[in-house]
Amino acid sequence: TACSSKYVLSQMHPMWQEPLAIPGGDRQSPIDIVVRKSIYDSELKPLVTDYDPNTCQQIWNNGYSFLVEYDDTTDKSTVKGGPLQDKFRLCQFHFHWGESNAWGSEHTVDRKLFPAELHLVHWNSDKYSLFEEAVMEDNGLAVIGVFLKVGKRHEGLQKLVDALPAIRHKSSVVEFNRFDPACLLPSNTDDYWTYHGSLTTPPLTESVTWMVMKQHIEVSHDQLAVFRSLLFTSAEEEVQKGMVNNFRVQQSLCGRTVRSSFS
Ligand SMILES: CCCSc1c(F)c(F)c(S(=O)(=O)NC)c(F)c1F
Ligand SMILES: [Zn+2]
């Protein structure tokens, strides 16, 4: 299997050709979370998020997703607790989604696909001084994953959706302030699965403590349709490509254990 070889077998990805070799390659993300194989760990504490909406700075199209970026020069927006030993600073959040509501999430639960998945990316500010440093370290990043389902309109998300037409093309940036990412978390953040994995986009470094929320959030069909109106391509390119299916193929578990904070 992909785990035995030192290198992860290259898998065609709709978005980008995966590198042939990934250092280590035995703790890659995303994965399918097999509920009956996850291990309840009573030592897992509730997550403690403390986000300051005033640290929100801009929203931009990086040619893969759209990122809402936060000022991470201080510990104003952080997550701690849960499986984490240290305090982690929020640097950005982004989403992955499909061209249809039938798929789009990166993680799955017992193979169940969701139309989209939110990632809140944090780095270990107790141990490192920059994201760029932390992204290379085992305990460098903490990513909160939240599944999205299509249903009622998400009022808090609408401010973000309204900003998307201004960043339709790759590399476009607009100022974006006073957005509280806590509004995107489900009401219950005590129940989650956690495992050690990687970024799902290059550099694919195996530096992520994942915390995938059991409870999803709901967004409307129309809100998700605006995500799909974004483009992978910059304004100058002749052929414009719709930003959809920006998720990575699932990776082997390679003997890892997924722990749950709930029984
Ligand atoms: C050098 C990365 C720039 S920030 C970033 C990102 F843009 C991204 F898309 C993902 S992801 O792997 O796709 N989702 C967890 C990340 F983890 C990130 F940290
Ligand atoms: Zn992501």
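Residue numbers (the numbering used here): 10 to 272. Backbone N, C-alpha and C define an ideal beta-carbon position, used for all residues, glycine too.
Residue 90: member of the beta strand (DSSP E) spanning 87–90, first to last residue. For secondary structure counted as the alpha helix (DSSP H) over 4 or more consecutive residues, the region 116–184 holds these complete runs in sequence order: 140–143 and 164–170. If you draw a 10 Å sphere on the C-beta of residue 226, you find 16 or more other C-beta atoms in it, and that means buried. Of the residues assessed, residue 244 falls on the exposed side of the cut-off, its CB having fewer than 16 other CB atoms within 10 angstroms. Taking C-alpha positions only, residue 272 is separated from residue 81 by approximately 35 Å.
Proximity of the beta carbon of residue 225 to ligand 2 is not indicated: no heavy atom of the ligand is located closer than 7 Å.
In this structure residue 223 touches residue 201 by the C-beta definition: roughly 6 Å separates them, less than 8 Å. Residue 96 and residue 132 have their alpha carbons spaced roughly 8 Å apart. With the rule of 3 Cβ pairs closer than 8 Å, the region 183–200 does not count as touching the region 241–255.
In the DSSP assignment, residue 37 falls outside any beta strand (DSSP E) and carries neither an H nor an E. Apart from the 5 residues on each side of it in sequence, residue 250 sits with its Cβ closer than 7 Å to the Cβ of 240, 241 and 242 in its chain, given in chain order. Note that the region 54–71 touches the region 186–195; at least 3 beta-carbon pairs, one per stretch, sit closer than 8 Å. Annotation for residue 56: the continuous beta strand (DSSP E) segment containing it runs 56–59. In this structure, ligand 2 has no non-hydrogen atom nearer than 7 Å to the beta-carbon of residue 131. According to the DSSP assignment, residue 224 belongs to no beta strand (DSSP E), since it is labelled neither H nor E. The alpha-carbon separation between residue 103 and residue 51 amounts to approximately 30 Å. The three-state reading of DSSP puts residue 101 in strand, counting E and B together. Membership of residue 235 in any beta strand (DSSP E) is not indicated; the residue belongs instead to the alpha helix (DSSP H) covering 230–236. Bounds of the beta strand (DSSP E) holding residue 70 are 65–70. Of the candidates 130, 164 and 160, the residue whose Cα lies closest to the Cα of residue 149 is 130.
Looking from the CA of residue 211, the closest CA among 108, 86 and 72 belongs to 72. Closest by C-alpha distance to residue 56, out of 195, 145, 83 and 236, is 195. The beta carbon of residue 137 is closer than 7 Å to those of 143, 146 and 149 in its chain, skipping five residues each way along the sequence.
Rounded to the nearest whole angstrom, the CA to CA distance from residue 221 to residue 41 is 11 Å.
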